[in-house]
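Enquirer: So for the sequence shown, our numbering puts the first residue at 2; every next one is plus one. Each residue gets a CB set at the ideal place from its N, CA and C atoms; glycine is no exception.
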Amino acid sequence: MKIRFFTPLLAFLAAACSPPGMLSALDAASGGGRGVARIATAVPFGEHGQTLDVWSPDTPPGPHPVVIFFYGGGWVKGTRQDYAFAARAFASRGFTVVVPDYRKVPGVRFPVFLQDSADAVKWTRDNVARFGGDRGRIALAGHSAGAYAVAMLTLDKRWLTDAGVDPEIIKAAVGLCGPYDFYPFTGRAIAALGAWPRPRETQPIAFARADAPPMLLVTGTKDTTVRPKNAINLARALKALGAPVVLRNYEGLDHEDVAMALSKPFRSKGSVLADSVAFIDAALARHVSPPAKKGAMDRATGR
């Protein structure tokens with residue numbers, strides 16, 4: 002496929018519709034999957050039928066640093082398959098990537114989607130070594146509602162603790178266009194979080210702490226879906242406490258642009274992937290495990 006020829010048309014279609022599934026298809030067609038593989042599909046975790054996929058680079062057996070990627074969709078939509086482009090992006094940079102599904106509105110309300118996300122971290126801790134991942138180097142990343150899960154799991158220790166996971170397992174976090182300071186609720190947040198009797202407990206900014214792991218908060222100046230003030234306010238709160246935080250506000254990018262910039266056809270929109278990877282790499286540099294034995298990796302993946 003001659004991407005150079007089709008790029009204007011693909012860009013027009015993606016800008017007009019921008020469904021994550023289309024973005025994943027465009028990413029695959031442009032070679033976004035080169036050098037990576039989905040090594041496990043629809044793996045069950047938790048107690049409510051949740052499933053996840055695992056992606057890996059086609060490089061020596063590792064252990065590779067791990068990114069757990071939580072997708073967005075306003076707590077009402079999205080699937081792990083639709084966000085294959087994000088998994089491929091991080092896997093192509095040397096990460097073992099876990100992409101979990103989670104239950105959504107209207108079937109559930111806060112905090113169920115956080116509990117599902119915490120269960121995905123627990124599964125990763127217990128199982129990722131079988132897939133070439135290093136459980137000692139786990140980072141969280143997510144977009145929109147997925148970035149909300151990232152922030153809550155990173156800052157409010159109770160969700161991982163309740164799942165039986167030491168919160169210290171999270172070594173870095175990247176939130177792309179996430180809602181972190183959005184009470185009073187509007188729009189989809191009313192259905193997702195409005196029934197909780199103590200609304201401040203739903204806000205990531207309420208749990209800013211000095212001992213938080215390094216966090217990269219990304220937004221775009223033209224994001225009208227989740228206003229940049231969310232990232233700006235959380236970054237300011239963390240910085241005031243002395244926590245390690247970096248704020249990136251990409252000029253001219255909107256909510257969808259930031260996600261699209263992870264995919265191979267649209268990386269020229271902004272350096273979102275490169276900046277995210279550099280940030281995670283720096284945060285994980287102190288946590289390196291010895292190489293895995295190739296035979297163990299082959300048995301886990303069926304290679």
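Checking 9 Å against the spacing of the C-beta atoms, do Val68 and Ala142 come in under that value?
Expert: In this structure, Ala142 lies closer than 9 Å to Val68 by Cβ.
Enquirer: Measuring straight from C-alpha to C-alpha, what distance separates Arg189 and Trp76?
Expert: Looking at the two C-alpha atoms, the distance is approximately 8 Å.
Enquirer: State the DSSP-derived secondary structure class of Tyr251, mapped to helix, strand or coil.
Expert: In the structure shown, Tyr251 sits in a strand (DSSP, three-state: E or B).
Enquirer: Indicate whether the contact test is met: 3 or more Cβ pairs, each with one atom in the region 209-223 and one in the region 253-272, closer than 8 Å.
Expert: The region 209-223 is in contact with the region 253-272.
Enquirer: From the DSSP output, in three-state form, read off His256 for me.
Expert: Helix at His256.
Enquirer: Residue ranges of each beta strand (DSSP E) run of no fewer than 3 residues wholly in the region 26-55, ordered along the chain?
Expert: If we require 3 residues or more, the beta strand (DSSP E) runs fully inside the region 26-55 come out as 37-46.
Enquirer: So, with DSSP's three-state summary, where would you put Asp102?
Expert: Looking at Asp102 - three-state DSSP - the assignment turns out to be coil, as it is neither helix nor strand.
Enquirer: Distance, Cα to Cα, Pro198 vs Met153?
Expert: Cα to Cα, Pro198 sits roughly 17 Å from Met153.
Enquirer: Which residue's Cα is closest to the Cα of Lys172: Gly95, Asp276, Val289?
Expert: Closest option to Lys172, Cα to Cα, is Val289.
Enquirer: Thinking just about the alpha-carbon of each residue, which of Pro21, Leu248, Ala92 is nearest to the one in Phe132?
Expert: Ranking the options by Cα distance to Phe132, first place goes to Ala92.
Enquirer: In terms of alpha-carbon separation, which member of Thr60, Val98, Val151 lies closest to Gln116?
Expert: Answer by Cα proximity: Val151.
Enquirer: Mapping DSSP to helix, strand and coil, what is Gly22?
Expert: Gly22: helix per DSSP, three-state reduction.
Enquirer: With C-beta atoms as the reference, is Ser57 less than 9 Å away from Val175?
Expert: No, they are not a contact pair.
Enquirer: Extract the residue ranges of the alpha helix (DSSP H) inside the region 57-115, only unbroken runs of 4 or more that lie entirely within it.
Expert: Entirely contained in the region 57-115, the alpha helix (DSSP H) runs reaching 4 residues are, in chain order, 85-92.
Enquirer: What residue range is occupied by the uninterrupted alpha helix (DSSP H) comprising Val219?
Expert: Segment 216-221 is the beta strand (DSSP E) holding Val219; no alpha helix (DSSP H) there.
Enquirer: Counting beta carbon pairs with one atom in the region 200-209 and one in the region 238-245, are three or more of them shorter than 8 Å?
Expert: Verdict: yes, contact present.
Enquirer: In its own chain, which residues sit with a C-beta less than 7 Å from the C-beta of Gly36, not counting the 5 before and 5 after it?
Expert: So the qualifying residues of the chain are Pro58, Asp59, Ser93.
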